[in-house]
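A.B. asks:
Residue numbers (our numbering): 1 to 198.
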């Protein structure tokens with residue numbers, strides 16, 4: 001094998017490795033993650049015998065950027081395994097009376113990625129209502145809570161800041177998926193508490 005063929009082989013392997021790290025979704029790394037969240041909730045009187053479970057939940061990205069859309073899809077995937085939520089993923093804020101609804105957004109992100117080390121800071125927000133369609137992340141102040149006698153009216157919102165460092169082999173899509181999955185886990189946990197009125 002002459003030098004030219006060796007060089008071509010090395011360049012081909014290098015090109016395939018770059019393509020894999022940029023386009024394939026894999027994560028073979030150890031991660032250290034810290035998450036700081038805060039939530040608020042208001043609800044009407046909880047009717048006697050109320051049991052939370054199987055709550056239909058429309059999940060909507062609050063803005064049209066790739067990270068927010070990935071977060072909404074990941075919240076949807078996480079919520080599918082919840083005993084309390086029955087999620088439906090929408091592309092945009094609905095025009096009709098589709099609720100309960102949760103809007104999710106990535107409000108700020110800082111990413112540093114290499115194939116062997118990555119770190120990030122991700123700030124997220126969500127807003128939830130089971131009695132009205134939301135058009136923005138914020139719950140309107142002075143919201144009047146209706147009562148139908150069968151379930152409590154619930155509105156809530158939350159913010160989170162997540163920092164992560166990962167060491168090992170990690171692709172760029174794999175790292176984005178990891179970071180969004182960790183944020184989605186926190187959001188779904190908060191939503192479960194809200195519909196259980198805990």
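No residue lacks a Cβ here, since even glycine has one placed at the ideal position from N, Cα and C.
Specify, as a first and last residue, the run of the alpha helix (DSSP H) that residue 175 falls within.
C.D. replies: Per DSSP, residue 175 belongs to the alpha helix (DSSP H) from 172–195.
A.B. asks: On the three-pair Cβ rule with 8 Å, is the stretch 70–89 touching the stretch 172–186?
C.D. replies: Output reads yes: the stretch 172–186 touches the stretch 70–89.
A.B. asks: Assess contact between the stretch 38–53 and the stretch 164–181, defined as three or more Cβ pairs (one per stretch) separated by less than 8 Å. Is contact present?
C.D. replies: The stretch 38–53, when compared against the stretch 164–181, does not touch it at the 8 Å Cβ threshold.
A.B. asks: Would residue 154 be called buried (16 or more neighbouring beta carbons within 10 Å of its own) or exposed?
C.D. replies: Residue 154 comes out buried.
A.B. asks: Please list the segments of the alpha helix (DSSP H) lying wholly inside the stretch 59–87, counting only runs of 4 or more residues, in order along the chain.
C.D. replies: Listed in chain order, they are 66–79.
A.B. asks: How is residue 102 classed by DSSP in three states: helix, strand or coil?
C.D. replies: Three-state DSSP puts residue 102 in a strand.
A.B. asks: Could you give the first and the last residue of the continuous beta strand (DSSP E) run that contains residue 122?
C.D. replies: Note, residue 122: beta strand (DSSP E), 117–129.
A.B. asks: If I measure Cβ to Cβ from residue 108 and keep anything under 7 Å in the same chain, skipping five residues before and after, which residues do I get?
C.D. replies: Excluding positions up to five away in sequence, the list reads 123.
A.B. asks: Return helix, strand or coil for residue 14, following the three-state DSSP convention.
C.D. replies: If DSSP states are grouped into helix, strand and coil, residue 14 belongs with the helices.
A.B. asks: Taking only three categories from DSSP, how would you classify residue 9?
C.D. replies: Reduced to three states, the DSSP call for residue 9 is helix.
A.B. asks: On the DSSP bridge list, what partners appear for residue 57?
C.D. replies: 87, per the DSSP bridge assignment.
A.B. asks: Less than 8 Å separating the beta-carbons of residue 160 and residue 37?
C.D. replies: Cβ distance < 8 Å, so residue 160 and residue 37 count as in contact.
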